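Positions in the sequence shown are counted from 1; adding 26 to them yields the working numbering.
In what follows, a single structure is set out as structure tokens and then discussed.
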Amino acid sequence: MKLDTLRKIIKEELSAALKENAPAKEKETKEAPTKDKPGTTPKRRGFDKPEPGVNPKPKASLEETEKELVSKITARFLKSKK
27 MKLDTLRKII
37 KEELSAALKE
47 NAPAKEKETK
57 EAPTKDKPGT
67 TPKRRGFDKP
77 EPGVNPKPKA
87 SLEETEKELV
97 SKITARFLKS
107 KK
């Protein structure tokens, strides 16, 4: 048996063994096309304008917290006057 034939047989056996034990190939996923036109930049949206279809949370009323803060400040002021 010649050295070349031996190498060829070994390569064939190794490739067959590797094919059997190789993990299954994952399917390629296609990327979704971009929604923007090529060559344009998206417009910036201001803080006061939410995206369409999005309902922003209502702003919290500060009346109660303001009343609590004012009462704490007046109590501290009255304590320091004594």
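Even glycine gets a Cβ: it sits at the ideal position worked out from N, Cα and C.
Given the structure is predicted, the values throughout are model-derived calculations rather than measurements.
Item: The ligand PLP heavy atom lying under 7 Å from the CB of L95; Value: In the structure shown, the ligand PLP is absent, as is every other ligand, since no ligand is present at all.
Item: Helix, strand or coil at T91 according to DSSP, with G and I counted as helix; Value: helix
Item: Where the alpha helix (DSSP H) through A50 begins and ends; Value: Premise fails: A50 is in no alpha helix (DSSP H) and is neither H nor E.
Item: Helix, strand or coil at E39 according to DSSP, with G and I counted as helix; Value: helix
Item: Inter-residue spacing [alpha-carbon to alpha-carbon] between K34 and K53; Value: 32 Å
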